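So the structure is just underneath, and the comments pick up after that.
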Amino acid sequence: MTNSAVKTLSQLANHEEFIQRHIGPDAAETAAMLNELGLDSMEALIAQTVPADIRLPEPLATGKARSEVEALAYLKQAASKNKMFKSYIGMGYHPTLTPNVILRNVLENPGWYTAYTPYQPEIAQGRLEALLNFQQVTLDITGMELASASLLDEATAAAEAMALAKRVGKNKSNYYFIADDVHPQTIDVVKTRAEMFGFDIIIGKAADATNHDVFGALIQYPTTNGDVRDDSALIAALQAKKAVVAVATDPMALMLLKSPGQLGADVVLGSAQRFGVPMAFGGPHAAFFATRDSYKRSMPGRIIGVSKDRRGNAGLRMAMQTREQHIRREKANSNICTAQVLLANMASFYAVYHGPIGLKNIAERIHRHADIFAAGLAAKGVNIVNKHWFDTVTFTVSDRAAVIQRGLDAGVNLRTDVADSLSVSFHEASTAADLAQLFAIVLGDNHGLDVEKLDATIVADGSNSIPADLLRTDTILGHPVFNQYHSETEMLRYIKKLENKDLALNHSMISLGSCTMKLNATSEMIPITWPEFASIHPFVPRDQAQGYYQMLGELGDWLVNITGYDNISLQPNSGAQGEYAGMVAIRKYHESRGDAHRNICLIPVSAHGTNPATAAMASFDIVLVDCDKSGNIDMADLKAKAAEVGDRLAAIMVTYPSTHGIFEESIRELCDIVHAHGGQVYMDGANMNAQVGVTSPGFIGSDVSHLNLHKTFCIPHGGGGPGMGPIGVKSHLTPFLPNHSVVKIDGTGEQNGAVSAAPFGSAGILPISWMYIAMMGANGLKQATEFAILNANYMANKLDPIFPVLYRGTNGRVGHECIIDIRQLKDASGITEMDIAKRLMDFGYHSPTMSFPVAGTLMIEPTESESKAELDKFIEAMATIREEIGKVLSGEWTVDNNPLVYAPHSMQDVFDPAWDRAYSQQYAAFPVAYIAENKFWPTVSRIDDVYGDRNLMCACPSPEAYR
Ligand SMILES: *Cc1c(COP(=O)(O)O)cnc(C)c1O
Numbered sequence: 001m002t003n004s005a006v007k008t009l010s011q012l013a014n015h016e017e018f019i020q021r022h023i024g025p026d027a028a029e030t031a032a033m034l035n036e037l038g039l040d041s042m043e044a045l046i047a048q049t050v051p052a053d054i055r056l057p058e059p060l061a062t063g064k065a066r067s068e069v070e071a072l073a074y075l076k077q078a079a080s081k082n083k084m085f086k087s088y089i090g091m092g093y094h095p096t097l098t099p100n101v102i103l104r105n106v107l108e109n110p111g112w113y114t115a116y117t118p119y120q121p122e123i124a125q126g127r128l129e130a131l132l133n134f135q136q137v138t139l140d141i142t143g144m145e146l147a148s149a150s151l152l153d154e155a156t157a158a159a160e161a162m163a164l165a166k167r168v169g170k171n172k173s174n175y176y177f178i179a180d181d182v183h184p185q186t187i188d189v190v191k192t193r194a195e196m197f198g199f200d201i202i203i204g205k206a207a208d209a210t211n212h213d214v215f216g217a218l219i220q221y222p223t224t225n226g227d228v229r230d231d232s233a234l235i236a237a238l239q240a241k242k243a244v245v246a247v248a249t250d251p252m253a254l255m256l257l258k259s260p261g262q263l264g265a266d267v268v269l270g271s272a273q274r275f276g277v278p279m280a281f282g283g284p285h286a287a288f289f290a291t292r293d294s295y296k297r298s299m300p301g302r303i304i305g306v307s308k309d310r311r312g313n314a315g316l317r318m319a320m321q322t323r324e325q326h327i328r329r330e331k332a333n334s335n336i337c338t339a340q341v342l343l344a345n346m347a348s349f350y351a352v353y354h355g356p357i358g359l360k361n362i363a364e365r366i367h368r369h370a371d372i373f374a375a376g377l378a379a380k381g382v383n384i385v386n387k388h389w390f391d392t393v394t395f396t397v398s399d400r401a402a403v404i405q406r407g408l409d410a411g412v413n414l415r416t417d418v419a420d421s422l423s424v425s426f427h428e429a430s431t432a433a434d435l436a437q438l439f440a441i442v443l444g445d446n447h448g449l450d451v452e453k454l455d456a457t458i459v460a461d462g463s464n465s466i467p468a469d470l471l472r473t474d475t476i477l478g479h480p481v482f483n484q485y486h487s488e489t490e491m492l493r494y495i496k497k498l499e500n501k502d503l504a505l506n507h508s509m510i511s512l513g514s515c516t517m518k519l520n521a522t523s524e525m526i527p528i529t530w531p532e533f534a535s536i537h538p539f540v541p542r543d544q545a546q547g548y549y550q551m552l553g554e555l556g557d558w559l560v561n562i563t564g565y566d567n568i569s570l571q572p573n574s575g576a577q578g579e580y581a582g583m584v585a586i587r588k589y590h591e592s593r594g595d596a597h598r599n600i601c602l603i604p605v606s607a608h609g610t611n612p613a614t615a616a617m618a619s620f621d622i623v624l625v626d627c628d629k630s631g632n633i634d635m636a637d638l639k640a641k642a643a644e645v646g647d648r649l650a651a652i653m654v655t656y657p658s659t660h661g662i663f664e665e666s667i668r669e670l671c672d673i674v675h676a677h678g679g680q681v682y683m684d685g686a687n688m689n690a691q692v693g694v695t696s697p698g699f700i701g702s703d704v705s706h707l708n709l710h711k712t713f714c715i716p717h718g719g720g721g722p723g724m725g726p727i728g729v730k731s732h733l734t735p736f737l738p739n740h741s742v743v744k745i746d747g748t749g750e751q752n753g754a755v756s757a758a759p760f761g762s763a764g765i766l767p768i769s770w771m772y773i774a775m776m777g778a779n780g781l782k783q784a785t786e787f788a789i790l791n792a793n794y795m796a797n798k799l800d801p802i803f804p805v806l807y808r809g810t811n812g813r814v815g816h817e818c819i820i821d822i823r824q825l826k827d828a829s830g831i832t833e834m835d836i837a838k839r840l841m842d843f844g845y846h847s848p849t850m851s852f853p854v855a856g857t858l859m860i861e862p863t864e865s866e867s868k869a870e871l872d873k874f875i876e877a878m879a880t881i882r883e884e885i886g887k888v889l890s891g892e893w894t895v896d897n898n899p900l901v902y903a904p905h906s907m908q909d910v911f912d913p914a915w916d917r918a919y920s921q922q923y924a925a926f927p928v929a930y931i932a933e934n935k936f937w938p939t940v941s942r943i944d945d946v947y948g949d950r951n952l953m954c955a956c957p958s959p960e961a962y963r
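Residues in the sequence shown are numbered consecutively from 1, following the UniProt record's numbering.
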C-alpha cells in the first residue's frame with residue numbers, strides 16, 4: 001500500500017458521519033438520479049429549482065457536524081446540569097412511575113413513535129384501539145358521555161372548553177368566569193384565548209360565580225391548592241342561568257372521587273400526565289376532554305369511533321372527520337391538527353396495565369401519604385389551609401423562607417408560588433421515607449413524628465379528608481381490556497399485537513406531502529428518556545434546570561440562524577399552536593401602533609386548513625386570494641385584494657414553497673406588496689424542509705413563521721403527536737411573544753399571556769431537534785434540503801408518464817414534494833384516489849397525502865431519508881397500480897370487481913374460500929415480487945366511513961359484546 005492510500009485518523013473517523021446515515025441515497029444512487037434528471041450536479045438542480053434572488057449568500061452558522069457519540073456525550077454533559085430534586089410542586093405535573101414495559105415497548109419503540117396520524121385506518125388499527133381505550137378511560141373517570149383523543153395540554157383544553165361554551169351555550173353574555181383556584185397557567189392560557197376572541201374574563205371565588213351573568217365558567221376539582229369541594233350546587237345554579245360549566249380535574253384523584261359528570265359538569269378536562277407519562281419539564285402530555293353527547297358536533301380535536309369494514313367486522317377510524325379544520329377551515333371547531341397520540345397511548349396502556357384495582361390502589365397510596373402528612377402537621381399545630389384533599393396539602397408556617405431553604409438543601413421542591421402558603425403534592429413515587437424527610441423539612445429535625453404510627457391511627461380511625469358524599473361509589477374500567485393484561489407477559493403481547501397492526505416508518509416510506517416523514521434517528525431519541533430530561537418539573541427554580549436552559553438556548557440560537565429571524569419562542573406545542581402564537585403577536589403588534597382596526601388576513605385558497613382556522617381564532621376576518629392555473633398565488637388578485645382592504649390589512653398567511661410544492665418566483669414581491677399596505681407576513685413553516693440552508697423565511701422577507709419540529713427537525717409523528725411548533729420572529733415582533741405566569745420568559749413583554757400550559761411547550765422532546773442539528777452541522781442540513789429536492793424531482797420524473805405531475809416551477813422542477821393528478825383517470829375509469837391509497841397498502845405502503853391541497857390528487861414527499869432503492873419500489877407499486885387502472889379502462893376488469901376497489905386485502909379476505917373475484921387471491925396480496933419477503937397485512941378490509949358517522953360509537957364495545 002502506498003502512503004497516499006493510507007488515511008489519516010480523522011479521515012477514518014469521517015466514515016462514521018451521521019449525515020450519511022440520515023440521507024438515503026449513496027453516491028451511486030445520487031449520480032443515477034441526477035442522470036435521470038439530465039443533470040450533472042446537485043448545484044445544477046438547486047439552481048433550476050430555487051429562485052436565485054432568495055438563495056442564501058452565506059452558509060448556515062450552526063457549526064460542524066458532530067458524530068452520534070460526540071453529540072450524545074455533549075448533551076449528556078448539559079443534561080447533567082439539571083438537578084434531580086424531588087418535586088412536590090403539583091400544579092398538574094407529578095412524578096410518575098412509567099411501567100418499563102410501556103417505556104421500552106411504546107415510548108422507545110419506533111413501531112409506535114414513527115407512525116403517522118391514523119388517516120388510513122386499515123393500517124392503523126393498533127393505535128386506534130389504544131386511543132379508543134384512552135377515550136374509554138376518560139369516559140369512565142369523568143362520568144361523561146363523549147370523549148376525544150386528545151388535546152395538547154390541560155390549559156389549552158380549558159381554552160377549548162370556553163370556545164365550546166360559546167358555540168353551544170344559550171347565554172348571550174360576553175363574560176366567562178374562571179374560579180381563582182384553577183391552576184395559574186390554565187387561567188393564563190384561557191385569558192390569552194379570551195382576549196383574542198374578544199370575550200371578557202371574570203376571575204373570582206368559585207362561590208361567587210353565580211353573582212355574574214356569564215356564558216360559561218371554569219372551575220377545578222380538586223382545586224389548585226388541593227381542596228376537594230362539592231360544587232354540584234354551584235354547577236346547577238350556573239346552568240340555571242344558562243352558563244356552560246367546565247371542570248378541570250385530575251385523573252388520579254378521580255379514582256377515588258365522585259365523577260365531575262355526577263356533579264353535573266358540561267365539560268370535563270385535564271392532563272393524563274400522571275398516568276405514566278414523564279413530566280419532561282412540561283410536556284408532551286395528553287390532555288383529555290369529555291362532554292355531553294349532544295355537543296358532539298362542536299367538540300374540538302379528534303374522536304375515534306367504531307365502524308365496520310367491508311366484511312362486516314368491527315373497524316376503528318377517526319370519526320366525523322368532516323369536523324376537522326382541514327375541511328371546516330375558518331368555521332372549524334379548533335385548529336388542532338397534531339394532537340398527543342403517543343402520550344395518550346402511554347396513558348391508556350398505563351390504565352390497561354394497572355387496571356381498576358391497581359389504579360385505585362395507587363390513588364389510595366397517594367392519598368394516604370397526604371393524610372399522614374396532614375395528620376403530622378396538625379399534630380404539631382401547623383395551620384392547614386384546605387379543609388379536604390386528595391393529594392395536595394396547603395399549609396402556612398411562620399418560618400416559610402427557612403422551610404423552603406431546608407427543602408432545597410435536602411433536594412426537595414415544595415410549591416412556593418403562592419405568597420403566604422406552601423403546598424405539598426404527593427404522587428405515585430412517594431414513599432414513607434419521603435414523608436419522614438418532609439416532616440424534617442417543615443418541622444425541623446426534632447419533629448418526633450412516626451410515619452408508621454400516624455398511618456396506623458388513620459387506618460384505625462378512618463379518614464374524612466375526602467368528604468363522604470364525594471367518594472366514588474360507581475364501578476369504573478370494567479371493560480375486559482382493563483382487566484386482562486396485568487402480567488407483564490400479557491401486557492407485552494398486547495402492546496405487540498397492537499403494534500403489528502400499524503404501518504410505521506420502520507416498515508416503509510411514508511411519503512406524506514406537507515408532513516415530512518423523515519428519519520427519526522435513534523440517537524436523536526435516546527436523550528428524551530434520560531431522567532435528567534424526563535424527570536424535571538416545569539416549574540422548578542431556574543438554577544435546577546440549567547441543562548434545559550442550555551439546550552433550549554443552543555437550539556433557539558440555531559433556529560434563529562436557520563430561519564433568518566431575530567428571536568424564537570419555544571412555547572407553542574404544535575404547528576397550529578405556533579400559527580396561533582404568531583397571529584397573536586401580529587395582532588398585538590398592530591394594537592401597539594394604534595392600528596387595532598387592521599383585522600383582515602389574506603389567505604391563498606390553497607392554504608392548509610389550520611391557517612384559516614387559526615386566523616379565525618385570533619378574530620381576523622379572512623379574505624381569500626386565488627391561485628392561477630399553474631398553482632401559483634395569483635399576484636394580480638393579491639394586489640387587488642390588498643388594495644381593496646387597504647389599511648385594514650393585518651397579515652397574509654402563506655406557505656413557502658407553496659402548498660403545491662413549488663418555489664414561486666414572486667414570493668419577495670408578495671412580501672413587498674403586503675408590507676406596502678402595512679400588513680405582516682406569516683410564513684407557514686411546514687415546508688421548511690425545502691428551505692434549510694438554501695433560503696430562509698427571514699431572508700425572503702417574512703415577519704414570523706412557525707417551525708414544525710415534528711416535520712423538518714426530526715421529532716417523530718408519534719402516530720399523530722406530539723409535535724412542537726416554535727415560532728421565529730423579526731425583532732419588531734419580539735415584544736409580543738408569549739410569556740408565562742409561573743415561569744418568566746426572557747426578552748418578551750411582561751404583560752403577555754401564555755399559549756401553552758408549560759413555558760417551553762413540550763420541552764422534553766426538544767433534545768431530538770437539538771441532536772439532529774448538532775449531528776448534521778451546517779453542511780449536512782443544507783445537504784438534507786438538497787436531497788429532499790432531488791428525491792422529489794426523481795419521483796416526479798418517474799411518475800409523470802403514468803400519473804401526470806400537476807404543477808412545476810419555471811424550469812420544470814418541483815420543490816421537495818410533488819402532486820400527481822388522478823382526475824382524468826378517475827373520470828375515465830371510475831377508480832378514485834381513495835382506491836389508489838387503499839391499494840398501496842397491499843404493497844406495504846402508506847398513501848401519500850390525499851386530496852390536499854387539490855381534490856383528486858396525491859401529494860408525495862419522499863424526504864431526503866429515503867434511498868433510491870426505496871423510491872424505486874414505490875414507483876414500481878404506482879406503475880403496477882396504473883396497469884391495474886388500465887385493465888379497468890380496457891374493460892378487462894369491471895369498475896366494481898378489481899383489486900383497486902376491493903383494496904386493501906386483509907388476510908381474512910385473501911383466504912376466504914368463497915373467493916369469486918376477477919383476479920386471483922395470490923395477485924390480491926402479492927402483486928409484485930418484492931412484497932413476498934416483507935409482507936404487511938392490513939388487519940381489516942376497507943372501513944365504512946359513512947356507517948361510522950351515522951352510528952357514532954366512540955367507546956369500547958360493551959363488555960357484553962365480548963361474551
Ligand atoms: C402540518 C401543517 C400544519 C399544522 O401543524 P400541526 O403540528 O399539525 O398543528 C400547518 N400548516 C401546514 C402547511 C402543515 O403541513
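Even for Gly, the Cβ is constructed at its ideal location relative to N, Cα and C.
Every value quoted in this text rests on a predicted model; they were computed, and no experiment measured them.
With 16 other CB atoms within 10 Å as the buried threshold, where does Leu858 fall? When all chains shown are included, Leu858 counts as buried.
The segment 637-656 touching the segment 599-617, judged by at least three CB pairs closer than 8 Å: The segment 637-656 vs the segment 599-617: in contact.
Which residues in the same chain as Asp543 place their Cβ atom closer than 8 Å to its Cβ, once the five residues preceding and following it in sequence are excluded? Closer than 8 Å at the Cβ level, and outside the excluded window around Asp543, lie Lys83.
Uninterrupted beta strand (DSSP E) stretches inside the UniProt domain "Glycine dehydrogenase C-terminal" (784-905) (no shorter than 3 residues): 818-821, 857-860
Are three or more beta carbon pairs between the segment 54-64 and the segment 382-392 nearer than 8 Å? Too few Cβ pairs lie closer than 8 Å, so no.
DSSP on Cys627, reduced to helix/strand/coil? strand
Where Arg963 sits in the DSSP three-state scheme: Per-residue confidence for Arg963 stands at a pLDDT of 48, beneath the threshold of 50, marking its modelled position as unreliable; the derived number appears in the next sentence. Correct three-state label for Arg963: coil.
For Phe395, which of helix, strand or coil comes out of DSSP? Phe395 falls in the strand class under three-state DSSP.
Mark Lys497 as exposed unless 16 or more other C-beta atoms lie within 10 angstroms of its C-beta, in which case mark it buried. exposed
If we require 3 or more residues per run, which beta strand (DSSP E) segments fall completely within the segment 570-614? 600-604
Counting Cβ pairs, one atom from each stretch, are 3 or more of them under 8 Å apart for the segment 483-494 and the segment 111-121? no
Simplified DSSP state of Lys86, which is helix, strand or coil: strand
Would you kindly check if the distance between the Cβ of His710 and the Cβ of Gly720 is under 7 Å? no
Along the chain, where does the alpha helix (DSSP H) that runs through Gly111 open and close? Start and end: 110-113.
Euclidean distance between Cα positions of Ala161 and Asn333: 11 Å
Simplified DSSP assignment, three categories, for Lys205: coil
Beta-carbon contacts of Thr477 that lie in its chain and below 6 Å, excluding the five residues immediately before and after: One detail in the question is off: residue 477 reads as Leu in this sequence, not Thr. Answer for Leu477: Asp140, Pro356, listed in chain order.
Within 10 angstroms of the Cβ of Leu12, are there 16 or more other Cβ atoms? Answer buried if so, exposed if not. exposed
Report yes if the C-beta of Ala576 is less than 6 Å from at least one heavy atom of ligand 1; otherwise report no. yes
Contained alpha helix (DSSP H) runs [length at least 4] in the segment 452-504, N- to C-terminal order: 488-500
Nonlocal neighbours in the same chain, by C-beta distance under 7 Å from Ser958, ignoring five residues either side: none
Glu512 - partner residues in DSSP beta bridges: First, the amino acid is wrong: residue 512 is Leu here, not Glu. Leu512 is bridged to Ile860.
Is Arg963 buried or exposed, if buried means 16 or more other CB atoms sit within 10 Å of its CB? The pLDDT assigned to Arg963 is 48, lower than 50, so where the model puts this residue is not dependable, and the model offers no usable value.
Are Gly718 and Val137 touching if we call contact CB-CB under 7 Å? no
Looking at the strands, I want to know which residues DSSP matches up with Gln220. According to DSSP, Gln220 shares a beta bridge with Ala248.
Would Met252 be called buried (16 or more neighbouring beta carbons within 10 Å of its own) or exposed? buried
So does the segment 175-192 actually touch the segment 779-788, counting three or more Cβ pairs closer than 8 Å? no
Taking the CB atoms as reference points, tell me whether Ile372 and Leu471 lie closer together than 7 Å. no
What residue does the alpha helix (DSSP H) around Asp672 start on, and which one ends it? Start and end: 667-676.
I'd like the ranges of any alpha helix (DSSP H) spanning at least 4 consecutive residues and lying wholly in the segment 98-173. 110-113, 125-142, 154-168
Looking only at C-alpha atoms, which of Pro284, Ser630, Ala460 sits nearest to Asn811? Ser630
If we call anything under 7 Å between Cβ atoms a contact, is Val403 one with Val442? yes
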